[in-house]
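Residue numbers (the numbering used here), protein chains in the order written: chain A, 3 to 355; chain B, 3 to 355; chain C, 3 to 355; chain D, 3 to 355; chain E, 3 to 355.
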């Protein structure tokens with residue numbers, strides 16, 4: 003997870019609107035979907051002022067704003083809704099942890115969207131995007147850093163005219179959007195789980211083909227994922243305590259919290275497995291070392307006494323009677339063979355070969 | 003635990019009925035048991051519509067539906083009971099964690115059934131099956147993925163005419179079904195405990211015969227088991243808070259929660275032991291290495307100086323007076339013997355042999 | 003801890019009376035002590051029916067039943083007291099975790115008694131015995147698996163006519179019995195603590211005399227002890243909430259809970275020490291390896307160049323002028339001595355010798 | 003974190019004013035800022051008595067006192083405000099953990115300010131400074147050990163005439179001051195995060211260039227940072243429960259608590275990564291050892307048998323027929339080449355080269 | 003911490019007065035301080051009965067009883083105050099964990115006093131002493147095992163006539179006594195922290211000079227200290243809930259609890275550092291091994307092929323044409339030099355030298 007720059011905001015007035023993310027050149031894009039049970043109009047507008055106007059309609063509106071770097075426009079837009087400056091800061095500050103907070107009649111939900119890609123070496127790479135969902139009496143406004151998000155499924159459902167989402171009002175739409183984000187967490191956890199399973203299978207079969215750095219990277223991604231997913235559970239608690247919450251939406255929030263809990267538990271299970279893999283890996287390193295040392299020990303130990311014997315009879319003393327016997331050489335060779343065989347037998351008994 | 007595919011459901015409408023398990027070709031089977039204190043009728047029906055009819059009887063009915071892949075039939079069936087779409091999703095989504103939730107007058111309990119088998123190499127293999135228990139005013143409907151379950155004991159008790167189960171109503175039957183599931187967890191934990199004890203005994207006697215991968219696999223199974231067992235405790239809390247809960251069943255739920263707690267504590271104890279075994283194993287690897295190195299060190303260190311001496315008197319200098327003395331050879335051999343014995347003594351004093 | 007057989011009870015009707023322990027052939031023994039402030043009668047009876055009769059007396063009775071394998075007699079006895087079938091199951095099922103539960107006017111307390119013995123190699127061996135204390139308006143009934151228990155001290159106090167225990171009624175007697183059990187935990191923890199201290203002293207002085215398996219066994223026993231002791235604290239919470247609890251007994255329960263907490267904390271402290279000892283042990287293994295390798299390295303490294311030199315002048319080239327100089331031999335020896343001394347100095351500077 | 007001297011205060015009367023920090027010679031400096039929505043006067047005064055006078059104004063005053071070693075002046079000043087002696091002790095005792103406590107109408111907030119610098123070897127060095135914020139009906143008094151603090155940003159905002167801070171009263175100013183402190187924690191965490199990321203990148207590429215001591219130091223700094231940051235969260239809970247808390251400031255405190263939580267979670271994530279790095283490092287040490295041993299094993303094992311063969315034919319027995327055959331030498335060399343090549347092949351098959 | 007003998011008390015009647023500490027021969031000493039705002043009388047008495055009399059005075063009395071082994075006198079004394087037998091047991095049983103409990107109008111606080119000394123090898127040694135503080139309407143009675151305690155500072159403050167302690171009554175005096183005990187914990191933690199810092203500095207500079215056993219001992223002392231300090235926090239919770247607590251003393255108890263929390267957090271921080279040091283140590287062992295092996299590998303690997311070559315030309319075959327060429331010897335030496343230099347280059351490229 004890119005550690006967003008605390009230094010960008012440190013020292014600013016609390017509630018001062020500053021964008022802290024990495025996409026500082028993203029253009030601004032505003033997509034509006036206005037719908038009721040029967041009709042749905044989708045358009046892209048260029049002016050946030052215009053967006054404000056369409057909120058006066060009796061239909062439910064979803065205004066999706068991309069490009070958090072356009073701080074001034076967003077701030078002006080938020081002020082028009084009398085959104086608390088702290089909420090604006092949360093929308094723009096990409097390091098805000100997931101939360102849900104009521105500001106008067108509006109509810110702000112902040113969460114990180116997540117995507118998983120694979121780099122050239124097939125290592126998983128996590129990609130987080132800061133997003134906020136502001137839900138009011140007749141509208142939902144969403145804020146995100148760049149194009150591409152977890153919400154196409156929601157758009158598809160709206161367009162398809164699924165009755166529940168078209169008729170259940172902004173609270174349900176906000177829920178559906180957060181649900182789509184949590185769904186993506188589940189997808190990512192599942193994908194990382196598959197990476198972990200593959201790694202584990204390799205470790206169990208041919209441990210030397212797994213590098214500790216791969217395990218480490220997996221561990222780090224799980225750590226990052228957990229850090230982003232964990233506060234979503236808490237935020238749902240806060241949301242459920244909201245007074246204005248539409249009663250029909252409550253069971254869906256309960257369900258979503260179960261879902262988020264499941265994501266966190268799956269992450270924890272994978273982390274536990276990864277810790278186990280590190281033990282496996284270290285053990286396999288020790289194992290390999292043991293094997294290497296055993297080869298050296300057996301060969302060296304078997305030959306060292308023999309080499310000594312050859313040296314012994316290679317000495318140049320004048321008076322070495324054995325050298326001059328007829329079968330001295332064969333006797334020496336016999337001794338060596340016996341020593342060698344004895345050594346082998348001893349090693350075998352010790353379990354070293 | 004097969005990581006069921008979050009990707010199958012991600013992006014679907016919440017509450018959209020999709021089966022996410024591995025048994026996508028299982029046929030559908032519906033077994034009905036209708037009973038009261040005096041009579042019990044068991045039959046297998048082919049049509050869920052028919053199942054619906056038999057619920058109007060004054061007897062208690064247990065409808066057991068196998069084959070979650072028949073999504074449409076199940077959805078239609080559930081709609082007829084006005085079961086909340088989220089409950090239907092929970093019934094079909096095999097990655098739902100254990101839970102108990104009230105939907106109007108009905109209570110839905112979700113849990114994973116567990117079985118333990120052993121593969122060709124006698125390694126334990128866990129097998130989970132997603133199951134749901136829906137308890138209403140006069141019926142219990144159960145859903146499971148495939149044939150074979152934890153519930154034969156309940157069927158036997160019903161057939162045997164045990165009074166309590168025949169007369170205590172659907173709540174008690176639902177309890178008895180969950181109790182049977184938890185009983186299977188206890189059986190599996192006990193079996194894994196025996197595997198752990200055997201492994202431990204081997205490790206303590208002949209550590210080199212245990213491979214770290216066996217310990218790792220045991221650890222993973224305990225992790226998976228814990229992940230499935232843990233939420234059952236929470237689900238019992240939710241169940242006990244249910245308004246409609248029949249008072250006679252309450253002490254049984256308390257008892258079941260104690261039982262579930264006991265399962266989780268036993269898992270934790272075994273996990274702790276397994277972590278200890280990893281230490282044992284790593285220590286035994288180090289130990290073996292020490293032994294190997296000691297052999298090499300003793301042999302090499304004893305002979306290296308001797309070999310040097312033989313080399314010394316194997317040099318071809320013209321002027322090497324020792325070579326030409328009468329007892330030079332014997333003196334050299336004497337020196338070597340002394341060096342060897344001195345080395346031995348030194349090693350013994352150092353505790354290396 | 004003997005993992006008692008979940009498979010014995012799995013599939014039975016909840017509340018079905020089955021004995022799951024290891025003492026399946028123990029005879030049944032019923033000892034009755036009837037007492038008030040002034041008199042105390044002790045006798046052994048053979049018939050539980052008779053036991054029932056003596057409960058009608060105005061005195062307080064303590065009926066101590068040994069031999070849980072006599073399931074039918076015990077079940078009949080319990081039924082006569084209208085003890086809930088689940089309580090009967092808890093009394094007989096040796097894997098029930100410690101708990102206190104009210105059943106109408108009776109309170110059932112379940113706990114494991116513990117004893118420590120030492121095997122032939124002076125390793126500590128834990129021995130658990132399942133016991134239950136049922137306290138009613140004028141009686142206490144205790145159940146245990148076999149002869150020998152933690153309660154002789156209570157019997158002695160009764161016989162000695164200690165006023166408080168003779169006059170404070172069944173609640174106090176039940177407390178005194180549980181207190182005696184917890185006392186034994188404290189004694190066992192203390193004994194294991196002494197084992198740990200001795201092991202630690204040995205590890206600090208002569209680490210190689212401690213085997214990892216001894217540390218492991220200690221760790222396992224502490225794990226088992228904790229698993230048995232931990233739920234006793236919870237059970238005291240439940241007991242203290244009991245409506246029928248005699249107010250004079252309450253401060254004693256508070257005190258007992260402090261006592262149980264102290265036992266658990268002491269176990270945790272010892273576990274922490276044991277984990278530290280494993281580090282000590284692994285470090286000592288590494289240390290020993292380092293020493294071994296150092297010996298090999300020093301000897302081999304010092305002699306290898308010398309041996310090369312002797313080989314050099316042992317070559318049989320015709321034209322090797324050094325061989326024919328007068329002092330070539332002495333010069334060669336000088337070179338060797340210098341090389342040797344230089345090597346020694348280098349090693350000393352590197353801190354290797 | 004300098005472990006401040008508990009021994010300085012031990013044995014003193016509770017509430018006895020003693021300065022326990024490291025800056026015992028700091029001069030005293032008192033800076034006063036008096037402001038309302040329209041005017042702002044900044045001055046430095048020399049006498050705390052004078053400071054007291056300016057508190058009678060209708061404006062809000064911020065009195066910033068530097069130099070906690072001037073114990074008497076500070077004590078006298080505090081007494082004039084009827085500040086509880088325990089609060090005075092907290093202000094002066096640099097080892098007080100972060101807290102917020104009400105004393106009558108005044109609120110005292112204690113926290114450590116943090117700064118990060120880098121030493122000559124580019125290792126991060128944390129620097130903590132004890133600070134206290136006393137907020138009353140119309141004033142805020144701050145106490146700090148030495149010049150240089152986290153509060154220049156607040157001063158700038160006051161001077162810039164930002165409306166909210168100029169008009170929201172002392173509670174908001176106190177909040178802004180604590181917020182500035184927490185901002186600095188976030189900056190430090192981010193900087194340590196960058197150090198960790200760089201270290202991690204190096205570890206993954208060229209593990210041998212990272213020394214364990216660097217990882218250890220990073221771990222220690224994160225531990226210290228966590229110890230200082232953790233109680234700030236608790237102190238915010240206490241503050242929010244304060245009766246006198248101005249309602250407009252409450253959402254800011256909520257936000258600040260989220261912020262502090264985020265800091266602690268980021269520290270925990272980095273700590274987790276650092277623990278992973280230690281595994282990486284140890285694994286790389288093992289890896290290097292394996293490589294070293296492999297080189298030795300391959301070379302030694304290949305040559306030892308060859309050297310034995312040369313020794314064999316270097317023996318001086320009279321009767322060694324091979325020596326006198328015509329192609330004996332070439333045959334011997336051939337044998338050696340075959341042995342060598344065979345050894346290489348064997349090593350390759352074993353995966354050792 | 004001396005594991006006090008649970009076996010001394012096991013089996014005794016609860017509340018039976020037994021002294022379980024190590025100072026079984028300590029004489030009994032009773033020191034009385036009677037004071038009010040104006041006068042203070044200190045005397046030593048020999049008879050506890052006399053002590054009882056002086057409690058009837060209107061002054062506040064502090065009766066300090068040393069020598070818990072005088073069980074009968076203490077029991078009689080306590081009975082005269084109608085102290086609950088369980089409280090008497092807590093006073094005498096040295097393994098009682100810290101607690102505060104009300105007995106009617108009296109409050110009993112139990113805590114371990116701690117002292118740190120250094121043994122001959124400058125290793126820190128902890129020394130705990132069981133102490134109890136009994137606070138009543140007009141008196142404080144303290145019990146301790148032997149001479150020497152944490153309370154001289156309190157005596158000095160009383161004698162010095164510090165107003166608050168002379169006029170605030172027994173509750174405040176009891177607080178001041180516990181505060182003095184906690185102060186000593188802080189002093190000990192600080193001293194252990196300094197030991198840890200020194201150890202850490204040595205480890206970072208010259209890791210081989212630190213022995214794992216020193217780190218282990220430090221870890222154990224921190225574990226023991228934590229076990230004694232942890233329950234003091236809980237006991238303060240109980241004390242604060244006391245109905246009879248004098249309101250002026252309450253803020254002091256809050257402050258003391260912060261203080262105790264700080265002590266526990268400092269212990270935890272040091273424990274974390276110590277765990278880090280163990281990693282450092284193990285890593286340094288591996289490092290040293292790597293170095294040793296590298297020396298051996300480099301020397302052996304460089305010389306082994308050379309020695310082989312010398313052996314080759316030391317063979318005694320008749321037909322070895324190279325031996326008889328004019329420059330064969332120099333050519334052989336050249337080959338060796340090239341091999342040596344090539345080996346060096348290879349090692350340098352591999353980073354092994």
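All residues carry an ideal CB built from backbone N, CA and C; glycine is no exception.
- Assignment of residue 296 (chain E) by DSSP, reduced to helix, strand and coil, places it in the helix class.
- In the three-state reduction of the DSSP assignment, residue 115 (chain A) falls in the strand class.
- It is roughly 33 Å from the alpha-carbon of residue 81 (chain C) to the alpha-carbon of residue 227 (chain C).
- Distance from the CA of residue 329 (chain B) to the CA of residue 321 (chain A), rounded to the nearest whole angstrom, comes to 7 Å.
- Rounded to whole angstroms, the gap between the alpha carbons of residue 24 (chain E) and residue 118 (chain B) is 54 Å.
- Taken atom to atom, the span from the alpha-carbon of residue 314 (chain E) to that of residue 307 (chain E) is near 10 Å.
- Taking C-alpha positions only, residue 22 (chain B) is separated from residue 281 (chain E) by approximately 45 Å.
- For residue 215 (chain B), the uninterrupted alpha helix (DSSP H) run begins and ends at 214-242, by DSSP.
- Between residue 109 (chain C) and residue 248 (chain C), the alpha-carbon positions lie close to 12 Å from each other.
- Classified as exposed, residue 239 (chain E) has fewer than 16 neighbouring CB atoms from the shown chains inside 10 Å of its CB.
- Sorting C:168, C:78 and C:97 by C-alpha distance to the C-alpha of residue 263 (chain B) places C:97 at the top.
- Residue state for residue 58 (chain E) is assigned as coil, using DSSP reduced to three classes.
- Interface residue (Cβ-Cβ distance to chain A less than 8 Å): residue 99 (chain B) is classified as such.
- DSSP places residue 183 (chain E) within a helical segment (H, G or I) once states are collapsed to three.
- Residues 105 of the same chain have their beta carbon placed closer than 7 Å to that of residue 86 (chain B), with the five preceding and five following residues left out of the count.
- Relative to the Cα of residue 123 (chain C), the nearest Cα in the group C:286, C:219 and C:64 belongs to C:219.
- Residue 230 (chain B) has its alpha-carbon roughly 22 Å from the corresponding atom of residue 137 (chain B).
- Listed in chain order, the beta strand (DSSP E) runs fully inside the segment 67-109 of chain C are 101-105, counting runs of at least 3 residues.
- For residue 59 (chain A) and residue 168 (chain A), the gap between their C-alpha atoms comes out near 15 Å.
- Comparing alpha-carbon positions, the option among B:304, B:221 and B:126 lying closest to residue 271 (chain B) turns out to be B:221.
- Note that the segment 289-306 of chain C touches the segment 281-300 of chain E; at least 3 beta-carbon pairs, one per stretch, sit closer than 8 Å.
- The C-beta of residue 26 (chain E) comes no closer than 8 Å to any C-beta of chain C.
- Against chain C, the CB of residue 338 (chain B) has no partner CB under 8 Å away; the residue lies outside that interface.
- Residue 159 (chain D) places its beta carbon 8 Å or farther from that of residue 290 (chain D).
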